[in-house]
Amino acid sequence: MAYDYSHEPHRTVFLIDNKSFYASVESIERGLNPLRTLLVVMSEQENTNGGLILATSPMAKKIYGLKSNVSRQRDLPVDKHLIVVPPRMNLYIKKNLAINDIFREFVANEDLWPYSIDESILDLTHTWRLFGKTPRAVAQLIQHTIRHRLGLYTTVGIGDNPLQAKIALDVYAKHDPNLIGQISYQTVPDTIWQITNMTDVWSIGQRTAAHLARMGITTMKQLAHANPYALKQELGIIGTQLFALAWGIDRTKISERVINPRTKHWQLTGSAARL
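Anchor point for the sequence shown: position 124 equals 124 in UniProt numbering, and the numbering is continuous, going up by one each time.
Given below as structure tokens:
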């Protein structure tokens, strides 16, 4: 089975994530290296059942196995080198605004989407050539600019559309020496189809993965080669969107994005209609 991508939008989209954002900001505020510091940000509100760890530095995650929004105060080791701090949301918002101001040096405002407090989507289709010879070179320039001005490390996913950029960020950037992942229509078989843990993919949760498994679909390659009509019959419009996902298709244009008011997520605009 093959798919003709000639009619799909070919853009240059970056999805940029601030690595361990809260913990990194707290480390930098203390003059510490955010990648080497043992630090956690912990909420002590009453409804967190003894304190919820909101963020962990990369080193704390590696050494202690602590997980953001999962681990609690009782999971903390007794270690004098571990720094435990309360959250400072106003500070994180201030840093987020500063980061997005840097992004506006590379894209027009309508081509920037601050997707969350630690992730932004940039459509550099019309501007990347002003800053480097390749999209990857531009990604490195943005990383270096943020690192130099704010001390923060960032990971970048690059794609022909936001979906590809998101998967490149979530699955491949963390394994790259420069913290950059890249997917294009041409590399879908070598990237998206190689994913065997379905829940690693944006928008596929445990319930959806379990439903697909009952249909005999346990990898992204199997999903891409499933019968799209059977997927739609079994899962409705979600089945059609999953099929598009497996082929790396997303027709969202950042400047014309549609936001789902319930989930606050972008939608794969038009994907289901024309498959």
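Glycine residues also receive a C-beta, built at the ideal position from the N, C-alpha and C atoms.
- If you ignore the 5 residues before and after residue 161, its C-beta comes within less than 8 Å of the C-beta of 8, 9, 11, 13, 248, 249, 250, 251, 252, all in its own chain and listed in chain order.
- A contact is defined here as three or more CB-CB pairs under 8 Å, and the region 173-192 fails this definition with respect to the region 92-104.
- For residue 146, the enclosing alpha helix (DSSP H) starts and ends at 135-150.
- Note on geometry: alpha-carbon atoms of residue 245 and residue 1 lie some 15 Å from one another.
- Of all alpha-carbon atoms in 147, 136, 41, the one lying nearest the alpha-carbon of residue 99 is that of 147.
- Contiguous beta strand (DSSP E) elements confined to the region 50-100 occur at 52-56, 83-85, taking only those with 3 or more residues.
- Taking 8 Å as the upper bound for CB-CB distance, residue 173 and residue 159 are not in contact here, some 11 Å apart.
- Cβ contact annotation for residue 200 (same chain, cutoff 7 Å, sequence separation greater than five): 170, 171, in chain order.
- A straight line joining the alpha-carbon of residue 212 with that of residue 166 spans about 21 Å.
- Three or more pairs of CB atoms, one per stretch, sit closer than 8 Å, so the region 31-40 contacts the region 56-63.
- Secondary structure within the region 192-236: the alpha helix (DSSP H) runs of 4 or more consecutive residues, fully enclosed, are 206-214, 220-224, 228-235 (chain order).
- Less than 8 Å divides the Cβ of residue 123 from the Cβ of residue 254.
- Annotation: the continuous alpha helix (DSSP H) that includes residue 28 extends over 21-29.
- Rounded to whole angstroms, the Cβ separation of residue 115 and residue 24 is 18 Å, and the two are not in contact under 8 Å.
- Residue pairing by DSSP places residue 119 opposite 17 in a beta bridge.
- Taking residue 81 as the centre and dropping the five residues before and after it, the same chain places the C-beta of 38 closer than 7 Å to its C-beta, in chain order.
- Looking from the CA of residue 131, the closest CA among 149, 151, 107 belongs to 107.
- Of the residues 227, 229, 20, the one whose Cα lies closest to the Cα of residue 66 is 20.
- Taking a C-beta distance under 8 Å as the contact criterion, residue 40 and residue 78 do not qualify as a contact pair.
- For residue 196, the number of other beta carbons within 10 angstroms of its own is below 16, and it is reported as exposed.
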